[in-house]
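Enquirer: The opening residue of the sequence shown carries number 1 in this note's numbering; numbering runs sequentially from there. Take a look at this one; I'll ask things after.
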Amino acid sequence: MHLAYPAVLAVLLFCVGLYGVLARRNAILVLMSVELMLNAVNLNLVAFDVWLRDTLHAGQALTLFTITVAAAEIGIGLAIVLLVYRNRGTSDVDKLTDLADTGTLPDSGSASIAPATDNPADTAAEQALRAREQTA
Numbered sequence: 001m002h003l004a005y006p007a008v009l010a011v012l013l014f015c016v017g018l019y020g021v022l023a024r025r026n027a028i029l030v031l032m033s034v035e036l037m038l039n040a041v042n043l044n045l046v047a048f049d050v051w052l053r054d055t056l057h058a059g060q061a062l063t064l065f066t067i068t069v070a071a072a073e074i075g076i077g078l079a080i081v082l083l084v085y086r087n088r089g090t091s092d093v094d095k096l097t098d099l100a101d102t103g104t105l106p107d108s109g110s111a112s113i114a115p116a117t118d119n120p121a122d123t124a125a126e127q128a129l130r131a132r133e134q135t136a
């Protein structure tokens, strides 16, 4: 078997996955693109394992490990995407760049978090407690 055929296919798969990661805005499509990239790596691992005629089949063993890690990654990734979509109403990657949502508190729909003060002794937890006391 020629090594060029699976290598070219793996390069094409990886490029399509890379384009998907860089160009897509939907988080689920980004996860699918990451899976394409991992499949390209798996194809290279198996192709080089066959080409080198390794008696231990290390490339195939590493491929099984990569598939297991990819399955766990997609499970956790989809759970996070569903949780973010449920809380914020969008899975657009560009709109999810901040770490904390400064909008409403999760338990009360109309109260907003108190703005940051100039006092460095005020922590975020104290501000959140103060905002809850004001709305109660």
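Beta carbons: idealized from backbone N, C-alpha and C, even for Gly. As the structure is a prediction and not an experimental result, all values here were calculated from the model.
What would DSSP say about D54, mapped onto helix, strand or coil?
Expert: Stepping through the sequence shown from its first residue, residue 54 is reached at position 54. Three-state result, D54: coil.
Enquirer: Quick check: what's the CA-CA separation for I67 versus R88?
Expert: The residue labelled residue 67 in the question sits at position 67 within the sequence shown. The residue labelled residue 88 in the question sits at position 88 within the sequence shown. Spanning the two alpha carbons is a distance of roughly 31 angstroms.
Enquirer: Drop a sphere of 10 angstroms on the beta-carbon of T135, count the other beta-carbons inside from all chains shown, and report buried for 16 or more, exposed for fewer.
Expert: Mapped onto the sequence shown, residue 135 falls at position 135. When all chains shown are included, T135 counts as exposed.
Enquirer: Along the alpha helix (DSSP H) that carries G17, what are the first and last residues, could you check?
Expert: Here residue 17 is taken as the residue at index 17 of the sequence shown, counted from 1. Run containing G17: 4-23, per the alpha helix (DSSP H) assignment.
Enquirer: Within the chosen definition, does the segment 34-46 reach the segment 6-26 through at least 3 CB pairs nearer than 8 angstroms?
Expert: Short answer: they touch.
Enquirer: If you measure between the beta carbons of L45 and L62, is that distance less than 9 angstroms?
Expert: The count along the sequence shown starts at 1 and reaches residue 45 at position 45. The count along the sequence shown starts at 1 and reaches residue 62 at position 62. Contact flag set, yes.
Enquirer: For the putative contact between V93 and V30, defined by C-beta atoms under 8 angstroms, what is the C-beta separation to the nearest angstrom?
Expert: For the purposes of this step, residue 93 is taken as residue 93 along the sequence shown, with counting starting at 1. For the purposes of this step, residue 30 is taken as residue 30 along the sequence shown, with counting starting at 1. Their Cβ separation, rounded to whole angstroms, is 6 angstroms, which keeps V93 and V30 in contact under 8 angstroms.
Enquirer: Which residue's Cα is closest to the Cα of A137: S33, G20, L22, W51?
Expert: Limits of the chain in this structure are 1 at one end and 136 at the other, which puts residue 137 out of reach.
Enquirer: Using the C-alpha atoms, what's the distance from L3 back to L56?
Expert: One-based indexing of the sequence shown puts residue 56 at position 56. One-based indexing of the sequence shown puts residue 3 at position 3. Going from the Cα of L56 to the Cα of L3 covers about 19 angstroms.
Enquirer: If you draw a straight line from the C-alpha of F65 to the C-alpha of R130, how long is it?
Expert: Residue mapping note: residue 65 aligns to position 65 of the sequence shown, counting from 1. Residue mapping note: residue 130 aligns to position 130 of the sequence shown, counting from 1. When rounded, the distance between both Cα atoms is 49 angstroms.
Enquirer: DSSP on A111, reduced to helix/strand/coil?
Expert: Here residue 111 corresponds to residue number 111 of the sequence shown, with the count starting at 1. Caution applies to A111, whose pLDDT of 49 falls short of 50 and renders its modelled position unreliable; the value that the coordinates give is listed next. Of the three classes helix, strand and coil, the one that applies to A111 here is coil, per DSSP.
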